[in-house]
Amino acid sequence: MVALTLNPIDIEAVVAKLITPASGGVNVFIGTTRNHSHGREVTLLEYEAFEPMAIELMGDLERRAHEQWPLHGVVLVHRLGKVSIGEASVVVGVSASHRKEAFEACRYLIDSLKKEVPVWKREHFADGTVEWSGENQKSQIKKQNKSKSEIKN
Amino acid sequence: MVALTLNPIDIEAVVAKLITPASGGVNVFIGTTRNHSHGREVTLLEYEAFEPMAIELMGDLERRAHEQWPLHGVVLVHRLGKVSIGEASVVVGVSASHRKEAFEACRYLIDSLKKEVPVWKREHFADGTVEWSGENQKSQIKKQNKSKSEIKN
Amino acid sequence: MKIYLRLFANARDLAGFGEQAVDLEGNPRAAEVLDYLSRVNPEFNAWRRSIRLAVNRRYVDEGHVLSENDEVAVIPPVSGG
Amino acid sequence: MKIYLRLFANARDLAGFGEQAVDLEGNPRAAEVLDYLSRVNPEFNAWRRSIRLAVNRRYVDEGHVLSENDEVAVIPPVSGG
Chain G
1 MVALTLNPID IEAVVAKLIT PASGGVNVFI GTTRNHSHGR EVTLLEYEAF EPMAIELMGD
61 LERRAHEQWP LHGVVLVHRL GKVSIGEASV VVGVSASHRK EAFEACRYLI DSLKKEVPVW
121 KREHFADGTV EWSGENQKSQ IKKQNKSKSE IKN
Chain H
1001 MVALTLNPID IEAVVAKLIT PASGGVNVFI GTTRNHSHGR EVTLLEYEAF EPMAIELMGD
1061 LERRAHEQWP LHGVVLVHRL GKVSIGEASV VVGVSASHRK EAFEACRYLI DSLKKEVPVW
1121 KREHFADGTV EWSGENQKSQ IKKQNKSKSE IKN
Chain W
2001 MKIYLRLFAN ARDLAGFGEQ AVDLEGNPRA AEVLDYLSRV NPEFNAWRRS IRLAVNRRYV
2061 DEGHVLSEND EVAVIPPVSG G
Chain S
3001 MKIYLRLFAN ARDLAGFGEQ AVDLEGNPRA AEVLDYLSRV NPEFNAWRRS IRLAVNRRYV
3061 DEGHVLSEND EVAVIPPVSG G
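Residue numbers (the numbering used here), protein chains in the order written: chain G, 1 to 153; chain H, 1001 to 1153; chain W, 2001 to 2081; chain S, 3001 to 3081.
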């Protein structure tokens, strides 16, 4: 099961979806919004996705995980829109007969999701600037100025 | 936080306890009761612990994990008493700034818990026998007979 | 040949638009979308190597030959999770 | 010397009791608890190598020297999780 949602992610529901009578182990990774990024204070995150492509690629990841490990269930849910500090932005869960497969597949899924799935994070900093994640690593000064002028709009 | 409980484990509450504003990743392992064990059908599990020692060792594991990884939170909860198929018998969770540490520490904790913490599982099989987990691997025939006679008591 | 551009995140901010129908000459390859964007805003040159392109929702390399009515998505470094 | 035995899971079933105060002669080591249990039920011999002992809630090896009033727990292979 893969999903994008504007609402808070119900972790108990994700786990309930994963457990089957044959399952012995469920591993769940929950990505939460942090109050810091590259040493700066973050107050809010905003996610956007290229939604149809994100859903397709998440479905591909689900299939690839099932091909590589004997899994009972796979859930990938990414939240979009504004996400407060401490809330879950992504939940990845897998169930299997044994824990080794559950850990390996879950790690594979979150690593792959973060590399491949077209989702972007806009970081709202305590100093008032708003930047796309990673934006200011390329050409730091230019972008910070740009972000500040954007905010005035 | 470590705990033993006779009640169903509230996974949402475990996650809520783990997330701090500085956390970026939470990894949770949920051990669930399986409907099979060594090829036989299981209908119910019953857990008992040497409770004070189990709590002490779980506290040791919590400390050892904090020593080895920069973690924000650690939760180890084991359920005792009767646990139906598909319910969580153990929940292990950790939070950290980054997912690598969260996965590694969670795996370490569940592996260590399963090796060291004095908790035992009694398996109720569909054929009516009840056995301590692993009991019949040592001296299979003798033990199965013994279990059957115990059930008649 | 007409293609449909879709831009996201800071690529959209740099271009000043999120969607655009574009006419490209001849038998264009995906790289020509990046050439086009560099003419729209020269800052795209600095980002060029980190941008990935997806045609009809599948990642392609710069040499991919485009077809009429392809949807070409401009994907800056993703930062989900 | 008096020690307090605590048995769990199938060790308790084999012994027929979960707690017992036992008098051991001289300066007993932890191993003597296993000798004692093998006299209670010879089946303990088959389990001896897989049983761990904990004195006052800490795992010890068989050579550990016991003290008066020690609580000695007989820990069959654990199967939590």
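Ideal placement from N, C-alpha and C gives every residue a C-beta, glycine not left out.
Where does H3064 of chain S sit, in a helix, a strand or coil, going by DSSP? Residue numbering aside, residue 3064 of chain S sits at position 64 when the fourth sequence is read from its first letter. In the structure shown, H3064 of chain S sits in coil (DSSP, three-state: anything other than H, G, I, E or B).
Of all the residues that make up the region 1012-1027 of chain H, which are near chain G by a beta-carbon distance shorter than 8 Å? E1012, V1015, I1019, T1020, P1021, A1022, S1023, G1024, G1025, V1026, N1027
Spell out the partners DSSP gives I1055 of chain H in its beta bridges. Taking the second sequence and counting its residues from 1, the one referred to as residue 1055 of chain H is at position 55. Paired residue(s): none; I1055 of chain H is not in a bridge.
Measuring only the C-alpha atoms, how far is A1003 of chain H from V1077 of chain H? Here residue 1003 of chain H refers to the residue found at position 3 of the second sequence. Here residue 1077 of chain H refers to the residue found at position 77 of the second sequence. Straight-line Cα distance between these residues: approximately 5 Å.
What are the boundary residues of the alpha helix (DSSP H) that includes V2988 of chain S? No statement about residue 2988 of chain S is possible, as the shown extent of chain S runs from 3001 to 3081 and does not include it.
Run of the alpha helix (DSSP H) containing G2013 of chain W, from where it starts to where it stops: In the third sequence, residue 2013 of chain W corresponds to position 13, counting from 1. First, the amino acid is wrong: residue 2013 of chain W is Asp here, not Gly. 2009-2015 is the span of the alpha helix (DSSP H), which, as asked, contains D2013 of chain W.
Go ahead and pull the three-state DSSP assignment for L2005 of chain W. Locating residue 2005 of chain W in the third sequence gives position 5, where the first residue counts as 1. Of the three classes helix, strand and coil, the one that applies to L2005 of chain W here is strand, per DSSP.
Is S97 of chain G close to chain H? Criterion is C-beta to C-beta, closer than 8 Å. Translated into positions along the first sequence, residue 97 of chain G becomes position 97. Closer than 8 Å to some Cβ of chain H, the Cβ of S97 of chain G qualifies, so yes.
For a quick check, are the C-beta atoms of I2003 of chain W and P118 of chain G less than 8 Å apart? Looking up residue 2003 of chain W in the third sequence gives position 3. Looking up residue 118 of chain G in the first sequence gives position 118. Against a cut-off of 8 Å, the Cβ pair of P118 of chain G and I2003 of chain W comes out as no contact.
Compute the distance between the beta-carbons of S2079 of chain W and G81 of chain G, then report whether it is under 8 Å. Counting from 1 along the third sequence, the entry for residue 2079 of chain W is found at position 79. Counting from 1 along the first sequence, the entry for residue 81 of chain G is found at position 81. No, the pair does not count as a contact, with Cβ atoms beyond the cut-off.
Could you tell me which residues DSSP pairs with Y1047 of chain H in its beta bridges? As a first step, residue 1047 of chain H is located in the second sequence; it is residue number 47 there, counting from the start. According to DSSP, which records beta bridges pairwise, Y1047 of chain H is partnered with H:G1081, H:K1121.
Do you know offhand how far N27 of chain G's Cα is from N2069 of chain W's? As a first step, residue 27 of chain G is located in the first sequence; it is residue number 27 there, counting from the start. As a first step, residue 2069 of chain W is located in the third sequence; it is residue number 69 there, counting from the start. Approximately 42 Å, taken between the alpha carbons.
Quick one: does G2080 of chain W have its CB under 8 Å from some CB of chain G? To locate residue 2080 of chain W, count along the third sequence from 1; it is residue 80. Yes, contact with chain G.
In the DSSP assignment, the beta strand (DSSP E) including I2075 of chain W goes from what residue to what residue? By one-based count along the third sequence, residue 2075 of chain W stands at place 75. 2071-2075 is the span of the beta strand (DSSP E), which, as asked, contains I2075 of chain W.
Please report the straight-line C-alpha distance between N3056 of chain S and F1050 of chain H, rounded to a whole angstrom. Here residue 3056 of chain S corresponds to residue number 56 of the fourth sequence, with the count starting at 1. Here residue 1050 of chain H corresponds to residue number 50 of the second sequence, with the count starting at 1. Roughly 12 Å separates the two Cα atoms.
Proximal residues, the region 2038-2052 of chain W versus chain G, C-beta separation under 8 Å: E2043, A2046, W2047, S2050
In whole angstroms, what is the alpha-carbon distance linking S1147 of chain H and N3010 of chain S? Start at 1 with the first residue of the second sequence, and residue 1147 of chain H comes out as number 147. Start at 1 with the first residue of the fourth sequence, and residue 3010 of chain S comes out as number 10. Its pLDDT being 41, under 50, S1147 of chain H is placed unreliably in this model, and the value from its coordinates should be taken loosely. The straight-line gap from Cα to Cα measures roughly 10 Å.
Which residues of chain W have a Cβ atom closer than 8 Å to the Cβ of Y108 of chain G, listed in chain order? Position 108 of the first sequence holds residue 108 of chain G. Within 8 Å Cβ-Cβ: nothing; Y108 of chain G doesn't reach chain W, min ~13 Å.
Output, in sequence order along the chain, the residues in the region 71-103 of chain G whose CB is closer than 7 Å to any CB in chain W. H78, S89, V90
Looking at L1044 of chain H and S1089 of chain H, is the spacing between their C-beta atoms short of 8 Å? In the second sequence, the residue the question calls residue 1089 of chain H occupies position 89. In the second sequence, the residue the question calls residue 1044 of chain H occupies position 44. No.
May I have the straight-line CA-CA distance separating H66 of chain G from E2032 of chain W, to the nearest angstrom? What you label residue 66 of chain G is simply residue 66 of the first sequence in a count that begins at 1. What you label residue 2032 of chain W is simply residue 32 of the third sequence in a count that begins at 1. Cα to Cα, H66 of chain G sits roughly 37 Å from E2032 of chain W.
How would you call D3013 of chain S, buried or exposed, if buried means at least 16 neighbouring beta carbons within 10 angstroms? Taking the first residue of the fourth sequence as 1, we reach residue 3013 of chain S at position 13. By the neighbour-count rule (16 or more Cβ atoms within 10 Å), D3013 of chain S is buried.
Measuring only between beta-carbons, confirm whether S149 of chain G sits less than 8 Å from chain H. Taking the first sequence and counting its residues from 1, the one referred to as residue 149 of chain G is at position 149. Any reading at S149 of chain G needs caution, since the residue's pLDDT is 39, under 50, leaving its predicted position unreliable; the model's value is listed next. Cβ-Cβ to chain H under 8 Å: no for S149 of chain G.
Kindly indicate if chain W contains any beta-carbon less than 8 Å away from that of I141 of chain G. Taking the first sequence and counting its residues from 1, one reaches residue 141 of chain G at position 141. A caution first: I141 of chain G carries a pLDDT of 33, below 50, which makes its placement in the model unreliable, though a value can still be read off. For I141 of chain G, the answer is no, since every Cβ of chain W falls outside 8 Å of its Cβ.
State yes or no: is the beta carbon of S1037 of chain H nearer than 8 Å to at least one beta carbon in chain S? One-based indexing of the second sequence puts residue 1037 of chain H at position 37. Cβ-Cβ to chain S under 8 Å: no for S1037 of chain H.
Beta-carbon proximity of L1109 of chain H to G3081 of chain S, cut-off 8 Å: On the second sequence, residue 1109 of chain H is found 109 positions in, with the first residue counted as 1. On the fourth sequence, residue 3081 of chain S is found 81 positions in, with the first residue counted as 1. In this structure, G3081 of chain S does not lie closer than 8 Å to L1109 of chain H by Cβ.
Kindly indicate which residue of H:T1032, H:D1060, H:E1041 has the alpha-carbon position closest to the one of Y1047 of chain H. Sequence index remark: in the second sequence, residue 1047 of chain H carries index 47 (1-based). Of H:T1032, H:D1060, H:E1041, the residue nearest in Cα terms is H:T1032.
CB contact below 8 Å: I3003 of chain S versus chain H: Here residue 3003 of chain S refers to the residue found at position 3 when the fourth sequence is read from its first residue. Taking Cβ atoms only, chain H never reaches closer than 8 Å to I3003 of chain S, which makes this a no.
Boundaries of the alpha helix (DSSP H) in which D1111 of chain H is found, first to last residue: Locating residue 1111 of chain H in the second sequence gives position 111, where the first residue counts as 1. Taken as a continuous stretch (DSSP letters only), the alpha helix (DSSP H) holding D1111 of chain H covers 1099-1116.
State yes or no: is the beta carbon of R122 of chain G nearer than 8 Å to at least one beta carbon in chain H? By 1-based counting over the first sequence, the position of residue 122 of chain G is 122. For R122 of chain G, the answer is no, since every Cβ of chain H falls outside 8 Å of its Cβ.
Hey, does F1050 of chain H have any beta-carbon neighbour from chain S nearer than 8 Å? Indexing the second sequence from 1 puts residue 1050 of chain H at position 50. Taking Cβ atoms only, chain S reaches closer than 8 Å to F1050 of chain H, which makes this a yes.
From I1151 of chain H to V1091 of chain H, what distance separates their C-alpha atoms? If you number the second sequence from 1, residue 1151 of chain H lands on position 151. If you number the second sequence from 1, residue 1091 of chain H lands on position 91. Residue confidence for I1151 of chain H is low, a pLDDT of 36 falling below 50, so the modelled location carries little weight; the figure read from the coordinates is stated next. Cα to Cα, I1151 of chain H sits roughly 31 Å from V1091 of chain H.
Could you confirm whether any beta carbon from chain S is found closer than 8 Å to the beta carbon of G1128 of chain H? In the second sequence, the residue the question calls residue 1128 of chain H occupies position 128. Closer than 8 Å: no.
By how many angstroms is the C-alpha of L2034 of chain W removed from the C-alpha of S97 of chain G? Mapped onto the first sequence, residue 97 of chain G falls at position 97. Mapped onto the third sequence, residue 2034 of chain W falls at position 34. So the alpha carbons of these two residues sit roughly 47 Å apart.
Check for me: the alpha helix (DSSP H) holding A1013 of chain H runs from which residue to which? Numbered from its first residue, the second sequence carries residue 1013 of chain H at position 13. That run of the alpha helix (DSSP H) goes 1011-1018.
Using a Cβ cut-off of 9 Å, pull out every chain G residue sitting near F2008 of chain W, in sequence order please. Numbered from its first residue, the third sequence carries residue 2008 of chain W at position 8. Chain G residues near F2008 of chain W: E48, A49, F50, P118, W120.
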